[in-house]
Amino acid sequence: MKEKLENLIKESLKNLGIEDGAVILEHPADLKMGDYSTNVAMVYAKKLGMNPRDLAEKIKVELSARQGLAEIEKIEVAGAGFINFYLSREFFTTSVKDILKQGEGWGKNELLSGKKVMVEYTQPNPFKPFHIGHLMSNAIGESISRVVEYSGAHTVRANYQGDVGPHVAKAIWGIINSGESYEDKRALWIGEQYAKGSDAYDNNEDSKKEIDEINKKVYDKTDDGINKIYSWGRKVTLDAFEEIYKILGTKFDYYFFESEMAPIGEKIVHENTGKVFEESDGAIVFKAEKYDPKLHTRVFMNSKGLPTYETKEIGLTITKFEKENPDISIITTAIEQGEYMKVVQKAVSLIHPDYESRMKHITHGMMRLATGKMSSRKGNVVTGESLLRDSMDVVREKVAERELTEEEKNNIAEIVGVSALKYSILRSSLGSDIVYDFEKSISFEGDSGPYLQYTAVRASSILKKADELELRITNYELLIIPEEVTTLEKTLYQFGEVVARSYSLLEPHHIATYLTELASAFNTFYGNTIIVDKNDPHTLYRLALVQAFHITMKNGLYLLGIKTPEKM
RNA sequence: GCACCCAUAGUGAAAUGGAUAUCACUACAGUCUUCGGAACUGUCAUUGGGGGUUCGAAUCCCUCUGGGUGCACCA
């Protein structure tokens, strides 16, 4: 519809002497001002030496003379020169029908048809806790993966994890010096040992030496005892991450590890030393400011000849392109990595100019505790797991009184608990920091994931009741349609546009905002209408509307990585 | 010091350069509704300061103030 209208306006402009005019169509803030609105008259008035309102009137006449306007009931010129379009009853009736027909496919678009997109997100490190920052990255990355999928792309999900480096040595030192046997311990305990090791590294010279020694042995694998702890700890923490992914609903196609990327990156850096990279004070560096004054120099091989994180990142980038050759490679990380990533990507694009336009780095704000910045080094972390458990526990308390089986209650606790967390992350635009406040995140009122789920459950409950009464739609064409168009219908058809916009800006929060508006429209409808009424001829159409709502909400929640329960 | 990001009701957020800046929480006043009250209806309050561009600025530019992040061998 939107494209069709845009084209009609373009043709009309052409007739008035404006070639290739850019047309912006928007939904007016107030539904009273129409369903679509354009500002073209104000944009081109000056060029034509006309008063915007007069031009708007002329465009209106041009438009009215055209074919293919069946869906438009009325065109009006308003305000400073806006042209407002009012869609017909027919249009809304048809759009509800389309939603029912498309079902799970409703909302998809073709913007990335035939393309492959790789999305890298979460990036927790073995031997360190999975903290709420990882939860944030996971929620965002998963949502972007799904939005990209809905835009027609084949999505490849990737996770990059640091399984070597000083943090591992610190954790192993902590384990050795804990005085406890480790075999029966879990990931949480390993995280605690990491915090102790990190503290010792900063405050005790002898410990620092021991940890540096361990770090070497992790690389060269000459100490059987350390090898044993290493493979045990790596497995325990990775398994723990896997459990969290399962609850969160993420399934990765690739796991990349720093230990594997290091030699690949090293080779590339050495091959390009003298061309891209250069020696400086015994290290190999990349002077990015030579190419872009806003960038800076970074070390790729330190003076001991060991690869830094930058080199591993190069190895990773090249590996991704060689293995999957994605059309777009998206990486989501916190904003702290922003400047660093620009330097690495500049280096990569000098080596492989064809990769440059395909690399996208999305940065998000930080999730902080109300009390201050979290640090896994100091041990004052709220782990992702504990947060999930807390959130799920609150839900379980809420459903304790309901007549549900234990299994159902557990399932609801998981689905709704995850939704509370994910929604509180995804409702804001990516740039902003989120100050994490437990009380607020578990409040399920109003602007929250559980509110959206609850609204969907109300809808499916009605559908179930109607089915029991044998009120079923057998032929959509025979439905008796009420004259009045509800706000719900005026909101439903916009879903596809919202998904497309969310993709082109890579901002999942547009979907969250839209769904909250949609839920509100549904609840208003629900609150003011008796939907199932055997004696009312409009009942079947209202049921179609409820069903269209349920499909839209379910698909929208899916894009946020949230499941829609049947009961709650 | 330099660079990048951010600043919207009491609080947390939204707003493709557009119309009367939207939503939620809180507070207060209602609905007791049948189909799930985790709901609905109503009231209150806001674009950090100063310039500029534009028919039109929360949005773009400059500047000031306040906050965050990053700047050579950590990741």
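Its first residue numbered 0, the first sequence is counted upward by one per residue in numbering that gives the first Met the number 0. Note that the Cβ used here is the ideal one computed from N, Cα and C, for glycine as well.
Residue i burial status per 10 Å Cβ neighbour count (16 or more: buried)
i       : result
Met-567 : buried
Gly-371 : Its pLDDT being 37, under 50, Gly-371 is placed unreliably by the model, and the measurement read from it follows with that caveat. Answer is exposed; the Cβ neighbour count stays below 16.
Thr-490 : buried
Ser-374 : For Ser-374, the predicted model reports a pLDDT of 42, less than 50, meaning its position is unreliable; a value from the coordinates is still stated below. Burial call: exposed.
Arg-297 : buried
Ser-63  : exposed
Pro-352 : exposed
Asn-137 : buried
Ile-23  : exposed
Ser-390 : buried
Ser-501 : buried
Gln-66  : exposed
Ala-547 : buried
Lys-311 : buried
Asn-541 : A small fix is needed here, since residue 541 is Arg in this sequence, not Asn. Answer is buried; the Cβ neighbour count reaches 16.
Asp-223 : exposed
Thr-316 : buried
Asn-379 : Note that Asn-379 scores a pLDDT of 49, beneath 50, so its modelled location is shaky; the value from the coordinates is reported in the next line. It counts as exposed.
Leu-544 : buried
Asn-6   : exposed
Gly-31  : At residue 31 the sequence reads Lys, which differs from the Gly that was named. Classification for Lys-31: exposed.
Glu-406 : exposed
Lys-46  : exposed
Asn-324 : exposed
Ala-399 : exposed
Pro-51  : buried
Asp-291 : exposed
Asn-527 : exposed
Lys-377 : Model confidence at Lys-377 stands at a pLDDT of 43, short of 50, so the residue's coordinates are unreliable and nothing is read from them.
Leu-514 : buried
Thr-221 : exposed
Asn-554 : buried
Cross-strand partners of residue i (DSSP beta bridge)
i       : result
Leu-86  : Ile-71
Arg-156 : Val-118
Met-366 : Ile-433
Phe-276 : Thr-272
Ala-77  : Phe-81
Thr-286 : According to the sequence displayed, residue 286 carries Lys and not Thr. DSSP output for Lys-286 lists Thr-296 as bridge partner(s).
Phe-255 : Tyr-159
Ser-36  : Glu-25 and Asn-83
Thr-382 : His-130
Integer-rounded CB distance, given that residue j should sit under 8 Å from residue i
i       : j       : result
Ile-267 : Gly-304 : Ile-267 to Gly-304, Cβ: 15 Å. No contact.
Tyr-229 : Val-217 : 6 Å
Gly-16  : Lys-9   : At roughly 13 Å, the Cβ-Cβ gap does not stay under 8 Å, so Gly-16 and Lys-9 are not in contact.
Ile-175 : Phe-126 : With a Cβ gap of about 13 Å, Ile-175 and Phe-126 do not count as contacting.
Thr-573 : Ala-520 : This structure cannot speak to residue 573, because the chain is shown only from 0 to 567.
Glu-309 : Phe-299 : 5 Å
Leu-86  : Glu-72  : 6 Å
Ala-568 : Leu-477 : Nothing about residue 568 can be read from this structure; the chain reaches only from 0 to 567.
Phe-449 : Ser-423 : This sequence places Pro at residue 449; Phe is not what is there. Between Ser-423 and Pro-449 the Cβ distance is about 11 Å, and since that is not below 8 Å, they are no contact.
Glu-119 : Thr-249 : 12 Å between Cβ atoms; not a contact.
Gly-576 : Tyr-193 : In the structure displayed, the chain extends from 0 to 567; residue 576 sits before or after that span and is not available.
Can you find at least 3 beta carbon pairs, one from the stretch 273-292 and one from the stretch 223-235, that sit closer than 8 Å?
-> no
Segment contact flag, the stretch 476-488 with the stretch 536-547, C-beta cutoff 8 Å, min 3 pairs = yes
Is the stretch 151-159 close to the stretch 192-205, with three or more CB pairs under 8 Å?
-> no
Do the stretch 494-510 and the stretch 422-438 meet, that is, are 3 or more Cβ pairs less than 8 Å apart?
-> yes
Along the chain, which unbroken stretches of the beta strand (DSSP E) at least 3 residues long are found entirely within the stretch 301-364?
-> 327-333 and 358-363
Could you say if the stretch 353-365 and the stretch 324-339 meet the contact criterion of at least three C-beta pairs nearer than 8 Å?
-> yes
Would you call the stretch 135-149 and the stretch 550-560 in contact, with 3 or more CB pairs under 8 Å?
-> yes
Inside the stretch 163-197 only - beta strand (DSSP E) runs reaching at least 3 residues = none
At a cut of 8 Å, does the stretch 335-355 reach the stretch 93-110 through at least three beta carbon pairs?
-> no
Could you give the uninterrupted runs of the alpha helix (DSSP H) lying entirely in the stretch 476-527, keeping only those of 4 residues or more?
-> 486-491, 494-504 and 508-527
Please confirm if the stretch 68-79 is in contact with the stretch 468-475, defined as three or more CB-CB distances below 8 Å between the two stretches.
-> no
Whole runs of the beta strand (DSSP E) within the stretch 211-269, excluding any shorter than 3 residues = 253-256
Minimum length 4: unbroken alpha helix (DSSP H) runs contained in the stretch 525-562 = 538-558
contact_flag[the stretch 157-167, the stretch 253-260] where n(CB pairs < 8 Å) is 3 or more | yes
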